[in-house]
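> Numbered by UniProt numbering, the letters in the sequence shown go through residues 1 to 241 in order.
For glycine and all other residues, C-beta sits at the position ideal for the given N, C-alpha and C.
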Amino acid sequence: MIVKADNIMYEDEQIIVCHKPSGIATQTAKLGQPDMVSSIKNYLKTSYIGVIHRLDQPVEGILVFGKTKESAAKLSAQSMEKLYYAVVFADSAVVKAKDKDYLKTEFTLVDYLVKNGVDNTSRITEKNDKDAKRAELKYRILKVAEEDKDFRNLRMLTEILLKTGRHHQIRVQMAHAGMPLLGDVKYGSEGSMRKSLEDDIKEVALCAYSLSFLHPKTGKSMSFSIVPKGEAFRLFLPFTP
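Rendered as structure tokens:
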């Protein structure tokens, strides 16, 4: 049983908002593998639950589901605000070259991604690639790990605002920008993987910590947030970005 009272952040007749743990799929076709959709159906004792958006299996975060087809359709038509925390690993020269006052400065990444369905990865490609999809995000560097401040390699807490929702988008774009996420075995660099091993980080250091949308029936603005539980985020406790 994945979904229980502790995981449910909000529920009414139209929607249910849940905190998805890392390591659990949003939805899967694999028999015997637990996922959020199946668990919510069991919890609600219903045959229908509307999937509005997904999180990668290794990623912790907030998900909203529609309880009715009408609610799901209205939620899907919205542009929700999705904010993430990620702990990245970077060479200080790469970071400081961006801006002398790089802490809290907002940066934008625009790339073109193509998905490889065979190995379930995505990569940066050229704009004119026929399979390319535009990917945009904005990010801010919030904190540098205290013990790293005098060293060349930095572990940093970043806040990311997704403007598009591409496959593995944050992980691919941040890695391409020289800031791979800790714990990411698919897109991590040699340095980030070595540091992840040293810090015993076994999960992708990414959390969908904030979700904002309009209620599908009342139109009321709703916002939800969580504090990440992942090991990498412990570097920044007490967690006050």
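1) Pop quiz: Gln-121 and Lys-67 are said to be a contact at Cβ under 8 Å. What is the actual Cβ separation, rounded to whole angstroms?
2) Counting along the chain, where does the alpha helix (DSSP H) carrying Ile-201 start and finish?
3) Evaluate contact between the region 78-91 and the region 109-125, counting only Cβ atoms and requiring at least three cross-stretch pairs below 8 Å.
4) As a quick exercise: from His-168, Gln-169, Ser-192, His-167, pick the residue whose alpha carbon is nearest that of Met-179.
5) Compute the Euclidean distance between the alpha carbons of Pro-58 and Tyr-209, then round it to the nearest angstrom.
6) From Cys-18, Lys-74, Gly-165, pick the residue whose C-alpha is nearest to that of Gly-61; which is it?
7) Output the residue ranges of the beta strand (DSSP E) runs that lie fully inside the region 9-82 and measure 3 residues or longer, sorted by chain position.
8) State the start and end residues of the unbroken beta strand (DSSP E) segment that holds residue 247.
9) Within 8 Å, do at least three Cβ pairs link the region 47-57 to the region 25-32?
10) Between the region 168-176 and the region 127-140, do three or more beta carbon pairs fall short of 8 Å?
11) Would you kindly check if the distance between the Cβ of Ser-79 and the Cβ of Pro-216 is under 9 Å?
12) Buried or exposed: Pro-238, going by 16 or more other Cβ atoms within 10 Å of its Cβ?
13) Assuming the contact rule is C-beta atoms closer than 8 Å, Asn-153 and Phe-89 should be a hit. Round their C-beta distance to whole Å, please.
14) When you compare only the Cα positions, how much space is there between Leu-116 and Ile-15?
So, from the listed chains and residues:
1) Sequence check: residue 121 is Thr here, not Gln. No, Thr-121 and Lys-67 are not in contact; Cβ-Cβ is about 34 Å, not under 8 Å.
2) Element bounds for Ile-201: n/a, residue is neither H nor E.
3) no
4) Ser-192
5) 14 Å
6) Cys-18
7) 15-20, 60-66
8) Residue numbering for the chain in the displayed model covers 1 to 241; residue 247 lies beyond these limits and cannot be assessed.
9) yes
10) yes
11) no
12) exposed
13) 7 Å
14) Leu is not the amino acid found at residue 116; the sequence shown has Asn there. Approximately 33 Å, taken between the alpha carbons.
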